Every structure is written in structure tokens, then in C-alpha cells.
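Protein sequence lines correspond, in order, to chains E and Z. According to our numbering, the stretch in the first sequence is residues 1393 to 1903, in order. According to our numbering, the stretch in the second sequence is residues 62 to 446, in order. Structure first, commentary second.
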Amino acid sequence: MAETILEMKGISKTFPGVKALDNVNLKVEQGEIHALIGENGAGKSTLMKVLSGVHPFGTYEGDIIFEETECQFKDINESEKLGIVIIHQELALIPELSIAENIFLGNEQAKNGIINWKKTIIETRQLLEKVGLKLDPEEKIKNIGVGQQQLVEIAKALSKKVKLLILDEPTSALNEEDSENLLNLLLEFKKQGMTSILISHKLKELLKVSDSITVLRDGQTIETYSVKGDKLTEATIIKDMVGRELANLFPERNYNIQDRVVFEVKNWSVHHPLDTEKQILHDIQIHVKQGEIVGIAGLMGAGRTELAMSIFGKSYGKKITGQLFKDGEEVTFKNVNDAVKNGVAYVSENRKEYGLILIDSVKNNLTLANLQEVAKNNILDTSKEVVEAESLKTKINIKAPTIHQRTINLSGGNQQKVVLGKWMFTNPDVLILDEPTRGIDVGAKFEIYKLINELAEQGKSIIMISSELPELLGMCDRIYALSEGRITANLDKSEANQETLMTYMTQSWGS
Amino acid sequence: MDGMKNLISSNIRKFGMVIALVGIVILFQILTDGILLTPLNVTNIIMQNSYIIVLAIGMMLIIITGEIDLSVGSVAAFVGAVAGVLLVSWDLPVIVGILLCLLLGALIGAWQGFWVSYFNIPSFIVTLAGMLIFRGLTLVVLEGRTIAPFPDGFRSLSSSFLPDIFGGGELQLFTIVIGVLLSVIYILFEIRGRRSDIKYNFNTTTLPLFVAKLVLITLIINVFTFVLAQYEGIPYVLIILTLLVIGYTFLMGKTVVGRHIYALGGNINAAQLSGVKTKKMKFWVFVNMGVLAALSGLIFAGRLNAATPQAGNLFELDAIAAAVIGGASFTGGVGTVFGAVIGALVMGVLNNGMSLMGIGIDWQQAIKGLVLLGAVAFDVLNKNK
Ligand SMILES: Nc1ncnc2c1ncn2[C@@H]1O[C@H](COP(=O)(O)OP(=O)(O)OP(=O)(O)O)[C@@H](O)[C@H]1O
Ligand SMILES: [Mg+2]
């Protein structure tokens, strides 16, 4: 029996109006990968913030015992000193600084306040090697991909002589390849004796890499399983998480696909906004029929988001050429308003930066894109607004004490629901969803799928972008593959599977 | 019990500055042996601070969008100077002169808004330049001299009072009647609001609390008008200020435009993707600031009865301080017009009270600086709790 490295006993934590943690217990063995799983808002991130001192001692109840000593962390520095390092759900790198500067931020390799750059660079190189990144330490963060950024975060953690590494949804923004990479790295660290706690909504990967799994629900510990010993299956975990059986991952749908093409994109070409020589999208042709759900599959960097945003009122790119047709008639979207007026909506993949006004309330976010609906002559009918927001909140099941709660205080999944709700409120004919379930738990995913299906049944057309192929295969009637800015396939549901999609997604064009 | 505690703690945050203002007023009332709240002095405080309040309202909007305007003092001076030329040197009719000046303010705002919105130059730079440009132009227009006196019609804008149509003698009856009228309108509004809340099944405050609030506000309105009535009644400036406060509160709280301004300040990317015309919105907020800076310049010139090269000196700092004390945050997205007014009054009462006590301008500056820092620190502390 391995020894226990960490024990959290009877942890409770309350925010105004929310009991986020209610007498939670967590026990982590030395050298294991311990998974933490639960619905959005179950309290996973909060528990880890308590552990790492983000929520300091005194703001919660309960005991933390790390390596047999009781800990009362006043801030994150104190927990890091003991080797507890957390990588937060939201990446915390500074885009304008280099990889090396980011890794040693707050921990500069300096003598008498003067930074030893040589040492910094050399050590960064070693760290990058450990995480399998072949990058120049002096490259700026903004110039590298999300997957690589995640690895830099890990390198940063390693630089702190970490004993217990906490990763809060590290793979939610990564594609399968990058995820795989990262998980293998964790297994590698485990061999070297490091302990980690891994939070994720992707059950498959958790079952694959972790040794034990603790399930949280509504701020309480439901159960801790040993993955091998308990012959754990996805179904058991889901039942614990959601509190009921979930027979299918994808809900039933009444098909209502009409032959009428509602939205069509023809010969769409887009250039990079800063480097206008560089063409990002080449002659894209896609269309979607009434009541149809169409998927767009592509690797990170294939141009999926760029496609969606360039269509949506030219929100991305320069030198955009091509035509858009709505209900058979050519339309031009000079700005977002034109697109919205023509019944097109776009749910961004990056909810914090492009989706939400974080300091604003749930209500104000929900109505923002369609204030005219709750206004007369540009004057708001605040009562009507509250009623509409309440009804949306119930309909899509946003977990927040009231609609006046600031969205910054919601859990990641619930924030995503607010963004989705905002666009449902514009009552669009065509809904472009960019990674609509990123960071969302299985139960909520099911609900969001159901919402998407309902919208399709009502005759809306859906374009869905996703990195998760099973999701596209489970939801879509047709799937386009996008590779290096070109459409490489248009597959019917019946002919699409993971392998064929992967082949088309990686098809190269040379140049 | 929890409900009561929540109510108090959420209201302390909301009304923290109001409470601070009341505290400062009481403090100086004691320190000045009751001079502070004499009818004459209350009227003075309003008139002395009117031009700062006007600026603070505009500044609040600017800061909510996440920008700053350092040029308002110079713009006020410049517009005052132009008013001097138009009304004194050229003898134009007062109304025409005023309208031209406001238009000039709008153009100046448009000029700065253009560089900020469409050229993406940080507002700090654009308005720092504006501060120099318009101070310079003020000197050019005045040729270094002072233009005075203004025609009477113009002066009344900032230094005359509503005539007492009831001829009440010692006590201005008309003023008291206005106070009562305002109270009635206010009570009707509140009752209507409460009815609709109940209709929609919203949480409402308990009836006793609601009545207490009505009584309190009614009392404040009427005591205030009663005090004014003991001197010369209601100054025209106060009417302008009241209309501005009501108008802008409505704009920010109840209209699509207001919501868009908050959204833009909160997260410009998300706002843009939600269909907010962010550039246009920012542009117009600067135009608005220009007009208010012009109005402020006119009121100040009228009060001084002269257009001088030094007019509006450091006004930008007073306006920014007022907005920040009133709850604005430089990261954008938060703040209220009401807050800006309270912030301006905090600074105004401090100025006035210390002058009454005979404290020199040197110490006044230092103390005001400390109060500004303290107010914001208090707010930050409160938010972190
Ligand atoms: N700073 C805060 N202020 C108020 N409420 C908060 C705050 N942080 C978290 N909460 C609330 O605490 C609960 C738990 O949130 P937490 O972020 O821990 O969820 P989670 O399990 O990490 O969810 P997700 O999978 O969506 O990331 C939620 O109801 C959330 O709204
Ligand atoms: Mg979380």
C-alpha cells in the first residue's frame, strides 16, 4: 500500500449565495494520478483553489494534510514552496513575454535582483525538453499554439520542483493529438514518482490514465474509486456525477430536414489580418439546409474559427472574397449587426475573451445580443428583460443563485451555457457553434445536445465546429473536413467515421 | 437574519460613498460651527461645483468605456474663451452664442473621438495632446488677455435664480412648492415601479422598508428645497444639473445605448461580437464629453463673468477624482452617473468646508489627495471581502 501524500478533510467553502463545497474529503496516494470529476459547478476548481491557497486559510473550513503535516496556506506561494503546483483552468501565461520569461515569472533566475539570462535560457531548454517541446525559449507565447502553451504551463510547474501537480481541465482546449501527448507526459512523470490530480470532463482519457477517481456532485464527495480494482466503467461514473442513469450520450432527435438550402458560402477566401499575403482560407464552399446539423472537422490551425468569424460580419481577416447566400439570395455582412439581422449567430469558442462580459450579470449577458427584443424605441423594458432572462436560465438550466450573479463567478460550464443562451435569444435561422461543449460535463453536454436538436427540429440550421470527432459523428447529418484552409471532404453521416475524417483532416496540400 | 445582513452589506457597498458624504458634511458642519449648512453656503456649494459635476458626468461615461479624457479642463477654457469673443467682442445674441459653443464642444469631442476610435490611438495620448492643443488655442483666442464682462443674459445661466412667482417674501414659496411637486412625482414613480415588480413576481423590499425609503427621500428633497428657499431659491444651474443627472441615469440604466456602453467597457471583444458597434459608440461618448466640457466652460465663464486664459485649470483632475470616488474603475465597465455626482460633491464639500475653516490652499490640496486615495482603497477593500 502506497502512502498517502495528501488528505483533505471535511472541506467546506461558501460564496455569497452558494455553498460550493460541503464537507468534502479527498485522499491522494503518493505517486498516483488521481482524477477529479463532477458536473459543472460541482466544486472541482474550488476544491483545488482551496488546496493551493488561492482561497487562503480562514476562508474555508476543514483540514489539509500534506506529507503528514497540517497546512494552512495563506497564499499560492506557500503551497508552491511545499511542491504543490496548480495549473488553472484558464491559462495564465503572458502573451507578450517569451517562453523563458513566462516559465520563470515570479521565480526569476537572478542574483541581487539582476537576471541571469544565460542560466534562464539554458534551464528553459532543459525544461522544454522534458515536456517534449522543440521550441526556441525566446519565442513569444502569443506565437505558439494552445497545445504548446499548455505544455509550457507544465514546464513552468516543473521548474518549481513540484511534488503534487494539479491540472484543471488541461485538455479541454486541445485536440486529440495534443491531449494524447499531454497525458503520455503525465504517465511519464508518474514513473518518476510525481503525484498529480487531474480534472477533466473527458471520461475516456481519465479512465485511461488515472489510478483513482473521486466524483464530486453539488459540492459533496460521492465516491472514490480505484480504477483497476473497481473495474470502473463510464456508466458508473456518469451515474455518480449526474445522480441518475444516462443511457445515451446523444439524445434522440426527430428529423425535420428540408431540401431548402438556408445558408450557403461560395468561393470564400480569406487572408491573414496582419500578414495580408498569407491566405488562410481557400475557396471554401459549404451550405446548410433547413433543419440540418452540419459539422466542420479540422485540426487546430486548420482555419475553422477563422472561417466562422470571417463569415460572421467579417470579424476576422482581410481581403475577404466570395459570396454568401441566405435563403437563396446573396447577402453581404459588413459587420456583426448585418449578420444578426439576417438571422445568423455565432457562439465563440473562447467564452472569456469573445463570449462574455465577465463583470456583468447573467441577465445582461443573455440579452446583450438582442436588446431590441426587450426594448421599445431603444428604451429597455427592464421587467420584461428580467422575465426573459429568468425563462432562458430555466430553459437551459444555468446554475447560478440569481440572474443578477456576475458571470465571472459561474463555473466554466455554466458560463458556456450563458453564451449559448445569449445567441438562442437572438432567435437565429443559422447558428454557428464553435466548440459548443468545450469544458462541459457529460450531463450538461447531453442537455446542450438536446437544445441543439430541438433547434434543428424547429427548422433552424446548425453549423457545428468541434475538435471532438465523436461529438460530430453523434450529432451531425453531414460533416465537412477542413485541412489547411481548404475543404477536403463533404461526408454524409453514413459514410463518415473517425478514420476517414482523420484522413481528410490531415490531407496536405504542400505549397 | 441572513437576509438582513445581506441587505446591509450589499447596501454598504452601494451607498458607501453616500454615507461618506453624509459623514463629511456632519464633520464640517461641526468644525465650521454650523456655517456649512446655512442657506447661503448650500447655494454656494451647488454653484461652485456645478461645472465639475457636469464634467464628472461625462468623465464617468468615458471611464466606463475604459478610456480617459485629460483635455476637459483645456476644452472648457477654450470654449469659455470663444464664448467671450462671440458674446462680448462680436456681440452675438446669447442663445446663438451658447449654441455655437456647444457645437464647438461637439466638434472637439468628435476630433478626439476620431483618433481614439478609428485610429486606435490610446485616449491618454490623444487627450494629453488635446490638453496642450486647447490650452494653447485658448491663449491664441484671448491673445493672453481676459475678456469681460459678459452680457446679463449669459451670466444668469450660472448665477441667477428662478424668480418667485408667488412673491413669498423672506421664504421663497415657489421653491417649496417645487419641492412638494417633485416629491409627489417621485412617490408616484416608485409606486408604479413597485406595482410592476409585483405584477411580474419579482422580489420586492418589504412594505415597511419601502415606505421608510419613500419617507426618507421625500424628507431629503423637501429639507433641501426648504433650505434653498431661505436664500434666493433655486438657481438655474441646479435645474440644468438635475436634468443632466436624470437624463444620463436614464440613458445608462434604461436604454440600449447605455447597456452597449457598459458592455463595451466590460469586454470590447465580446461586445463587438454581440453586435455592439464599438467604434461608433466610443466616438459618440467622446462627442458627448466634448459637449459637456463646453457646457462646463460656459457655466464657469458665466460665474466668473470673464473669459480668462487660466480657466479650467486642473478641472480634468477634479472630474476624474469625482468619477473614481463615485465608483468608476479604470478597467472599464462599471460606475454610475449618480456615483459621479456624489464623488463630485465629496470633493466639493471638502473644498468648501476647508475654505470656511481658513485652511490654506496648500493643505487643501494635500488633504484632497489623501481623501481620493482613501476612498478608492476603501472601495477596493470592500470589493475583496
Ligand atoms: N469567486 C466566486 N464567487 C462566487 N461563486 C463562486 C466563485 N467561484 C466559484 N463559485 C461557485 O462555486 C460553485 C463551484 O464552482 P467551481 O468553479 O468549483 O466548479 P467546477 O466543478 O470547477 O465546474 P466546471 O467543470 O464548470 O469548471 C459554482 O456554483 C460557482 O458558481
Ligand atoms: Mg472548474
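Ideal Cβ positions, reconstructed from N, Cα and C, are used throughout, including at glycine. Since we're looking at a predicted model, the values are computed, not measured.
Got a sec? Which residues, its chain only, sit under 8 Å from residue i by beta carbon, not counting five neighbours each side?
| i | result |
| --- | --- |
| Z/Met62 | Note that Z/Met62 scores 38 on pLDDT, short of 50, meaning its location in the model is unreliable; the coordinates nonetheless yield the value given after this. Same-chain partners within the cutoff: there are none. |
| E/Asp1667 | none |
| Z/Gly64 | At Z/Gly64 the pLDDT is 46, less than 50, meaning the model places this residue with poor confidence; the figure from the coordinates comes in the next sentence. Counting only Cβ-Cβ distances below 8 Å, and skipping sequence neighbours, we find nothing. |
| E/Ala1767 | Asp1773 |
| E/Glu1891 | none |
Could you list which residues in chain E have their beta carbon closer than 8 Å to that of residue i, in chain order?
| i | result |
| --- | --- |
| Z/Phe263 | Ser1775 and Val1778 |
| Z/Tyr323 | Ile1749, Asp1752 and Asn1756 |
| Z/Asn181 | Result: empty, since nearest Cβ-Cβ is about 13 Å, beyond 8 Å. |
| Z/Gly394 | Ile1749, Ile1751 and Asp1752 |
Could you name the residues of chain Z that residue i contacts, counting a contact when the two beta carbons are closer than 7 Å?
| i | result |
| --- | --- |
| E/Ser1740 | Leu334 |
| E/Val1732 | Gly336 |
| E/Ala1767 | Val317 |
Taking the continuous beta strand (DSSP E) assigned at residue i, which residues delimit it?
| i | result |
| --- | --- |
| E/Gln1612 | Gln1612 to Ser1618 |
| E/Lys1399 | First, the amino acid is wrong: residue 1399 of chain E is Glu here, not Lys. Where E/Glu1399 is concerned, the enclosing beta strand (DSSP E) stretches over Thr1396 to Phe1407. |
| E/Asp1414 | Val1410 to Glu1421 |
| E/Ser1444 | Per DSSP, E/Ser1444 belongs to no beta strand (DSSP E); it is in the alpha helix (DSSP H), Lys1436 to Ser1444. |
| E/Tyr1738 | Val1736 to Val1739 |
| E/Val1680 | Gln1671 to Lys1681 |
| E/Asn1659 | Val1653 to His1663 |
| E/Thr1451 | First-last for E/Thr1451: undefined, no H or E at that position. |
| E/Ala1484 | That residue, E/Ala1484, is in no beta strand (DSSP E); it is neither H nor E in DSSP. |
Nearest to residue i by alpha carbon, out of the options?
| i | options | result |
| --- | --- | --- |
| Z/Asn366 | Z/Trp176, Z/Arg216 and Z/Ile107 | Z/Arg216 |
| Z/Gly197 | Z/Gly158, Z/Tyr323 and Z/Gly134 | Z/Gly134 |
| E/Asn1801 | E/Leu1843, E/Asn1770 and E/Val1754 | E/Val1754 |
| Z/Asn412 | Z/Leu433, Z/Thr397 and Z/Asn328 | Z/Leu433 |
| Z/Val276 | Z/Glu293, Z/Ile252 and Z/Leu289 | Z/Ile252 |
| E/Glu1459 | E/Gln1541, E/Leu1474, E/Lys1582 and E/Gly1402 | E/Leu1474 |
| Z/Glu128 | Z/Val306, Z/Val155, Z/Gly174 and Z/Gln90 | Z/Gly174 |
| Z/Val346 | Z/Asp152, Z/Gln109, Z/Val177 and Z/Leu160 | Z/Val177 |
| E/Lys1809 | E/Thr1818, E/Glu1399, E/Val1822 and E/Lys1837 | E/Lys1837 |
| E/Leu1559 | E/Lys1726, E/Asn1770 and E/Glu1545 | E/Glu1545 |
| E/Ile1429 | E/Leu1577, E/Glu1626, E/Gly1747 and E/Leu1556 | E/Glu1626 |
| Z/Phe227 | Z/Ile246, Z/Leu203, Z/Ile248 and Z/Ile237 | Z/Ile237 |
| E/Glu1615 | E/His1426, E/Gly1735, E/Asn1499 and E/Ile1478 | E/His1426 |
By the criterion of Cβ-Cβ separation under 8 Å, what are the contact partners of residue i in chain Z?
| i | result |
| --- | --- |
| E/Ser1707 | Gln333 and Leu334 |
Looking only at its chain, what residues have a beta carbon closer than 6 Å to the beta carbon of residue i, apart from the 5 residues adjacent to it on each side?
| i | result |
| --- | --- |
| E/Lys1711 | His1663 and Thr1668 |
| E/Phe1407 | none |
| E/Gly1813 | Leu1758, Leu1784 and Ile1788 |
| Z/Ile169 | Val136 and Gly351 |
| E/Leu1519 | Ala1547, Leu1550 and Ser1551 |
| Z/Phe180 | none |
| E/Ser1903 | Its pLDDT being 45, under 50, E/Ser1903 is placed unreliably in this model, and the value from its coordinates should be taken loosely. The answer is none, since no qualifying residue turns up. |
Give every residue of the same chain whose Cβ lies closer than 7 Å to the Cβ of residue i, excluding the five residues on either side of it in the sequence, and list them in chain order.
| i | result |
| --- | --- |
| Z/Leu165 | Val140, Val143 and Ala355 |
| Z/Ile239 | Thr286 and Ile295 |
| E/Gln1764 | none |
| Z/Leu378 | none |
| Z/Leu153 | Leu147 |
| E/Val1410 | Pro1793 |
| E/Met1393 | Because E/Met1393 carries a pLDDT of 48, less than 50, the predicted location of this residue cannot be relied on, and the following value inherits that uncertainty. Correct list: empty, nothing qualifies. |
Note the first and the last residue of the continuous alpha helix (DSSP H) segment covering residue i.
| i | result |
| --- | --- |
| Z/Met313 | Tyr297 to Lys315 |
| Z/Ala290 | Leu268 to Gln291 |
| E/Leu1716 | Here E/Leu1716 belongs to no alpha helix (DSSP H); instead the beta strand (DSSP E) covers Lys1710 to Lys1718. |
| Z/Ile123 | Pro100 to Ile125 |
| Z/Gly363 | Thr339 to Leu365 |
Note down, in chain order, every chain E residue with its Cβ under 9 Å from the Cβ of residue i.
| i | result |
| --- | --- |
| Z/Lys343 | Those do not exist, as Z/Lys343 stays about 15 Å from chain E at its closest Cβ, beyond 9 Å. |
| Z/Gly373 | Here the premise fails: no neighbours, minimum Cβ distance about 33 Å. |
| Z/Asn328 | Lys1744, Glu1745, Tyr1746, Gly1747, Leu1748, Ile1749, Leu1750, Ile1751 and Asp1752 |
| Z/Lys338 | Asn1727, Val1728 and Asn1729 |
Along chain Z, in chain order, which residues have C-beta atoms closer than 9 Å to that of residue i?
| i | result |
| --- | --- |
| E/Ala1792 | The contacting residues do not exist; E/Ala1792 stays about 15 Å from chain Z at best. |
| E/Asn1770 | Thr316, Val317 and Val318 |
Quick one: list the residues of chain E neighbouring residue i, beta-carbon separation under 7 Å, in chain order.
| i | result |
| --- | --- |
| Z/Thr126 | By Cβ distance, chain E contributes nothing, its closest Cβ being about 13 Å from Z/Thr126, past 7 Å. |
| Z/Ser257 | Ser1775 |
Continuous alpha helix (DSSP H) assignments of at least 4 residues falling wholly in the segment 1798–1824 of chain E: DSSP runs (the alpha helix (DSSP H)) wholly in the segment 1798–1824 of chain E: 1804–1816.
Every unbroken alpha helix (DSSP H) inside the segment 387–430 of chain Z [4 residues or more]: For the alpha helix (DSSP H) assignment, the uninterrupted runs of no fewer than 4 residues enclosed by the segment 387–430 of chain Z are, from N- to C-terminal side, 398–417.
May I have a chain-ordered list of the alpha helix (DSSP H) segments no shorter than 4 residues that lie completely inside the segment 1826–1863 of chain E? Scanning the segment 1826–1863 of chain E from its first residue to its last, the whole alpha helix (DSSP H) runs of 4-plus residues come out as 1834–1849.
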